[in-house]
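Everything on this sheet refers to the single structure shown next.
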Amino acid sequence: MSETEGRCAYVHESADAAPAGWECPHPTDDGERCVFHRPAGDASAERVAAAFEAAVAAGESDPRRRRFHGATIERLALPEGTLLAPDRSHAVDLADASVGELALGGATVGSDLRLDGATVDGGFEAGGLTCYGDLRCQDLRAASVDLAKATVDGVADFAFATIDGSFSVTRADLGRLAVSDAEIDGTLSANLVRVDERTELNSAAVGGSVLAADATFAGEVRAMGASVGGALAFTGSAFGDGFNGNDASADHGMTVDGPVVFKGVTVRGPTDFRYATFRAPVQFHPEQHSTETRFDGAVDFERATFEAGFDFRETVFDGRLYVADATVSGRGRLDGAELARGLTLDRTETTAPLSATGVRVGGPLSIVACEFDGPVALDGGVVAGEVDCNGGERGEATRFGAGLSLAGAECRSGVDLRWVTCGGPVAFHDPETESRTTFGDAVDATGARFDGGLDARSVRFDHLAGFEDVRAGDDIRLDESEIGRLRSDVAPAEAGDDRPTVSLRRGSIDEGAIAHPGDGTVTYDLADARVGRIRIDADDGPVGPLAAVRFLGTEFDGFRFAPYHGALEATGWRLHDCEGAADLPEPDPGPRRLETTYQQAKTGANAVGDATAAAEFFRREMRHRRAGHAADLRSTRGTDRAVAAYDWIANAVLDATAGYGERPGWTLLSSLAVVVAFAGGYAALGDPADSASELLLFSFQSFITFVVGPAPAETFAVRLLSSVQGFLGAFLVALFVFALTRSVDR
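In case it helps, full-length UniProt numbering puts the sequence shown at residues 1 to 746.
Structure representation (structure tokens):
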């Protein structure tokens, strides 16, 4: 008998997976072909299964018997509990086979099982399969694949496979899963799966969803260039070595048409979504899931496209989060997220709101060259690193098209807002909450444009608050703020715009510099503020430095008036009345309010040794006190009115005779007037003096209470008038000594 007699005559001509020219080693019962290479349906399923088991068993001594290349089988169904290749040697190979139905559920294969290039017209049913080797199904074509509860110690390799329906590895335990370049029209289910090594979906095309609830991926998950027509959902899953959706190439970015969900997952290692396109929302927010979403490594969305926004609320990023050069069409949410190593949003463009309220950023926050068409909010957030909005270059400054909010935020390092443009309001304050924004380092907005103004009320600036060369379309409000060092030079955003006010009411400024355009287009309101060592300047224009600054109830703590004596003297030492005061709160303050204002100005001038300013402010204080007495005189009755009248008269006399003790020359003039007036009085009483000079001499002697010789006429009226003059003289002399002493002391 020849070597080929009784053996199948099939020769494999295809070179897709099995080698071309392969000759079938299996015996024939009758005819030229074995049971595996006859036309499908010639042999019953039971006969095929028995022959298959026998051939695999024979392969222990003859490895060729475990090869079934190009087999044509209508149905291959192994009974549950079937044990194939217990010797764990020599693969069972169905490469390029055509099988109508394949059912291996419950079987155990001790060696590799290969179906490379095979076609399964029906479903590939392998639920509960145990394979101690590799399950290799590259370039497989099947209606569906079911590996639910399967165990594969090696790789389950379906690279380049075409699956018309669903693909399931639910509850499977796999050494490695490879679905790279596969086409799966249905859903890929990996719920409760465990993969000990890599999971590869590179360039896979899944028409349905990819679902992996409570799955464990101990190795890296690679999905470079993958496309998913439905959702990409990982819920409660664990990734041991990261998720890689790109290899730094635009050609290998993922595309997901449905929602991307990482809910309650833990990812150890980096997560890479660079160049990805997300046509539905990307959601990391755990919502009702009991486990937080946590990424231990860096998460990178560089150049990604979010067509429906993202939701990273309450997500924990232990590594840095990169959303650089991204395009975000929907709403972006980072509320309550924790970013231990910082956040990069450089060159990102958004069309909807970006919200990061309550975010915790442990590193720097980089927002360079971004275009935000929607509002950006970091209310209540904590940022430990620097907030950079320009990268140090004017051309890289970010545009906030609809405003920026940092209400209640805590920025522990610097905030660089130089040259930024804000089309909407910039808010560091929320009137509806009691939270307070604090800046632990410099805030520099040099060259910025705030079309909607700035609300920084009740903010604490521990160091620099820099608003130099700022263009504002509305007010800059720094009311009740505490500022270590202020540098402010604000002008209207456009010529002809309404006058912006820089309001520092009830604020506190330790030191700094204030400047205004000098044309009356900007007003500074320092009502009730505490002002330290600040310098006030103005550009060339008709309005002097202090003429655009209102001081009302202001506490001066180190402020030096000396450089402004000339300007103050020209305005009568008025502090409360400035350009634009009519548009400010309290446009017409009452006398008591003004009295307090100049009293505090006097105290501040005395504290820095400026006697001239202190004297002038004291005079204004007393005059406003007199105006207060006049107001009391008009509004009271009875004894209160009499007291007010007396106070008004005493104040007026002190002003007229001595300039409130600040004008000793006025006392001399008042004394001369008294001497002349009383001389006329003596003449009116019929005093027969020989000459006017004698009357003046007698009047002068009476003034100083030193009469030499007898009076010109010893009448009672003359003696009475002389006594009154002596009293006035003593008073004026004492007043002169007081005023002169104050003048010398100052």
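Glycine included, every Cβ here is placed at the ideal spot set by N, Cα and C.
Because the structure is a prediction, the values reported are computed rather than measured.
- Annotation for G123: no alpha helix (DSSP H) segment contains it, though the beta strand (DSSP E) segment containing it runs T119 to E125.
- Per the coordinates, the alpha-carbon of I483 lies some 19 Å from the alpha-carbon of G604.
- The Cβ atoms of G381 and A356 lie closer than 9 Å to each other.
- Distance from the CA atom of F551 to the CA atom of D497, rounded to whole angstroms, is 25 Å.
- Taking the Cα positions, G6 is about 9 Å away from H26.
- Beta-bridge pairing by DSSP links E46 to no other residue.
- R333 and F312 have their C-alpha atoms spaced approximately 6 Å apart.
- A check of alpha carbon separations from S237 across T170, M224, T571 and R279 identifies T170 as the nearest.
- For D318, the closest C-alpha among the options Q283, V361, R47 and A611 is that of V361.
- Look at H463 here: in three-state DSSP terms it is strand.
- Secondary structure at A427: strand, using DSSP grouped into helix, strand and coil.
- About 5 Å separates the CB atoms of E23 and V11; that is less than 8 Å, so the two are in contact.
- Only exposed fits A650, as fewer than 16 other CB atoms lie within 10 angstroms of its CB.
- In the pairwise beta carbon analysis, the segment 50–67 is classified as not touching the segment 142–155: fewer than three pairs are separated by under 8 Å.
- In the structure shown, S203 falls within a coil segment according to DSSP collapsed to helix, strand and coil.
- For K263, there is no enclosing alpha helix (DSSP H); the residue is found in the beta strand (DSSP E) stretching over V260 to K263.
- Take the alpha-carbon of Y646 and the one of D640: they are about 10 Å apart.
- Contact annotation: V387 and D416 have beta-carbon atoms nearer than 9 Å.
- DSSP places L174 in the strand class (E or B) of the three-state scheme.
- D185 sits close to D164, with the two beta carbons spaced by under 9 Å.
- Your pair F124 and D146 checks out as a contact, with CB atoms roughly 7 Å apart and the cut at 8 Å.
- In this model, S168 and L102 are separated by some 15 Å (Cα to Cα).
- With fewer than three CB-CB distances shorter than 8 Å, the segment 558–571 does not count as touching the segment 581–595.
- Under DSSP, the beta-bridge partners assigned to D489 are A515.
- Straight across, the Cα-Cα distance linking G127 with G391 is about 56 Å.
- Cβ contact annotation for T438 (same chain, cutoff 6 Å, sequence separation greater than five): E410 and R460, in chain order.
- At least 9 Å separates the beta-carbon of L211 from that of V179.
- Here I163 is bridged, per DSSP, to A142 and I184.
- Membership of A156 in the beta strand (DSSP E) is indicated by the continuous run T151 to D157.
- With contacts defined by Cβ atoms closer than 9 Å, G408 and S435 form a contacting pair.
- Beta-bridge partners of P587 (DSSP): none assigned.
- If you look at L633, you'll find it isn't in any beta strand (DSSP E); it sits in the alpha helix (DSSP H) that goes A611 to S635.
- Annotated three-state conformation of S98 is strand, per DSSP.
- Nearest neighbour of A20 by Cα position, chosen from A95, A40, G81 and E46, turns out to be A95.
- With a threshold of 16 other beta carbon atoms within 10 Å, T715 falls short and is exposed.
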